[in-house]
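Report on the following structure.
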Amino acid sequence: GAVVSQHPSRVICKSGTSVKIECRSLDFQATTMFWYRQFPKQSLMLMATSNEGSKATYEQGVEKDKFLINHASLTLSTLTVTSAHPEDSSFYICSARGRDRAPETQYFGPGTRLLVL
Amino acid sequence: GENVEQHPSTLSVQEGDSAVIKCTYSDSASNYFPWYKQELGKRPQLIIDIRSNVGEKKDQRIAVTLNKTAKHFSLHITETQPEDSAVYFCAATLTGFQKLVFGTGTRLLVSP
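Chains A and B, in that order, are what the protein sequence lines are.
Quick note: the first sequence uses this note's numbering, first residue 37, plus one each step.
Quick note: the second sequence uses this note's numbering, first residue 842, plus one each step.
As structure tokens, then:
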């Protein structure tokens, strides 16, 4: 299979602090990673696409200075929510595509539930 | 860009009945259509997918049909079971294109 892990699974932080979420592909090389945000009872909203070694491409309306994405290796991408505020509370999910996998298939991580107080 | 609509938003069935969820897409160039099942608080899991060179695909109780002319694709679940209860998302993309575009989701509830 293709396993994607995320850490932490849940985090509670104070308003104004920064939170880093890690996404790892455990058994394949992820050439592309995607970061999604999902609010309760809503669909997955793509925030950004990152290719290994390149700058992330952000979707319209997503602040690149607030949601910092780093994809420094073929197995790790990180999302940092800077100066988090209560409205950033959400379920953040990463997904990955691999060079030796079907090109369209995305494998999802288990998600990180962020609560900003 | 691609836009995917999904209906219904909620679907309640009795155990053993069939369930059908429908999606329409806007970009005729899209050629890959996966379906994901997401249980509460969990990751989306790919349950079946179809490419545009095929009209139908089946995997045990699950089947997907694709009508390229009408730009429709549907998920069919037969002999539903309570463990099928979840939110189902359709998606569409073009091979070589980066993004999956997701539908709005269907909450399926299967009552014993």
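No residue lacks a Cβ here, since even glycine has one placed at the ideal position from N, Cα and C.
Based on DSSP bridge pairs, tell me the residues matched to ARG892 (chain B). Against the second sequence, residue 892 (chain B) aligns to sequence position 51. ARG892 (chain B) is bridged to B:TYR873.
Is the beta carbon of LEU941 (chain B) less than 7 Å from the beta carbon of ALA860 (chain B)? As a first step, residue 941 (chain B) is located in the second sequence; it is residue number 100 there, counting from the start. As a first step, residue 860 (chain B) is located in the second sequence; it is residue number 19 there, counting from the start. Contact flag unset, no.
Quick check on the burial criterion: 16 or more other C-beta atoms within 10 angstroms. Buried or exposed for ALA911 (chain B)? For this step, residue 911 (chain B) is matched to residue 70 along the second sequence. With fewer than 16 other Cβ atoms within 10 Å, it is exposed.
Endpoints, beta strand (DSSP E) assigned at ASP868 (chain B): Start at 1 with the first residue of the second sequence, and residue 868 (chain B) comes out as number 27. Here ASP868 (chain B) belongs to no beta strand (DSSP E), and DSSP marks it neither H nor E.
Ordered along the chain, which non-local residues of its own chain (more than five positions away) have a Cβ less than 7 Å from that of SER51 (chain A)? Within the first sequence, numbered from 1, the residue matching residue 51 (chain A) stands at position 15. For SER51 (chain A), where only same-chain residues beyond five positions count, the Cβ hits under 7 Å are ALA120, HIS121, PRO122, VAL152 and LEU153.
Determine whether the Cβ of PHE914 (chain B) lies closer than 7 Å to any Cβ atom of chain E. Protein chains A and B are contained in the structure displayed, whereas chain E is not.
Hey, is THR851 (chain B)'s beta-carbon within less than 7 Å of any beta-carbon in chain A? Within the second sequence, the letter at position 10 stands for residue 851 (chain B). Closer than 7 Å: no.
Residues bridged to ASN87 (chain A) by DSSP? Residue 87 (chain A) sits at position 51 when you count from the first residue of the first sequence. According to DSSP, ASN87 (chain A) bridges with A:THR68.
What number of angstroms, rounded off, separates the C-alpha of HIS917 (chain B) from the C-alpha of THR53 (chain A)? Taking the second sequence and counting its residues from 1, one reaches residue 917 (chain B) at position 76. Taking the first sequence and counting its residues from 1, one reaches residue 53 (chain A) at position 17. If I take the Cα positions, the gap works out to 45 Å.
Using the Cα positions of LYS898 (chain B) and GLU58 (chain A), report the straight-line distance between them to the nearest angstrom. Translated into the one-based positions of the second sequence, residue 898 (chain B) becomes position 57. Translated into the one-based positions of the first sequence, residue 58 (chain A) becomes position 22. Roughly 35 Å between the two C-alpha positions.
Using a beta-carbon distance below 7 Å, is GLU88 (chain A) in contact with chain B? By one-based count along the first sequence, residue 88 (chain A) stands at place 52. No, because no Cβ of chain B sits closer than 7 Å to the Cβ of GLU88 (chain A).
Please give me, in chain order, every unbroken run of the beta strand (DSSP E) with length at least 3 that falls completely inside the region 105-138 of chain A. 112-117 and 126-134
If PRO849 (chain B) and THR947 (chain B) are in contact, beta carbons under 8 Å, what's the gap, nearest whole angstrom? The residue labelled residue 849 (chain B) in the question sits at position 8 within the second sequence. The residue labelled residue 947 (chain B) in the question sits at position 106 within the second sequence. That pair is a contact at about 6 Å.
Would GLU140 (chain A) pass as a contact of TYR929 (chain B) if the rule is Cβ separation under 7 Å? In the first sequence, the residue the question calls residue 140 (chain A) occupies position 104. In the second sequence, the residue the question calls residue 929 (chain B) occupies position 88. Cβ atoms of GLU140 (chain A) and TYR929 (chain B): not closer than 7 Å.
Apart from the five residues on each side of it in sequence, which residues of its chain come closer than 7 Å, Cβ to Cβ, to THR936 (chain B)? One-based indexing of the second sequence puts residue 936 (chain B) at position 95. Taken in chain order, the residues that qualify are ASN872 and TYR873.
From the DSSP output, in three-state form, read off ASP900 (chain B) for me. Translated into the one-based positions of the second sequence, residue 900 (chain B) becomes position 59. Strand.
Tell me which residues share the same chain as ASN87 (chain A) and place their Cβ nearer than 7 Å to its Cβ, disregarding the 5 neighbours each side in the sequence. The residue labelled residue 87 (chain A) in the question sits at position 51 within the first sequence. Hits under 7 Å: THR67, THR68 and HIS107.
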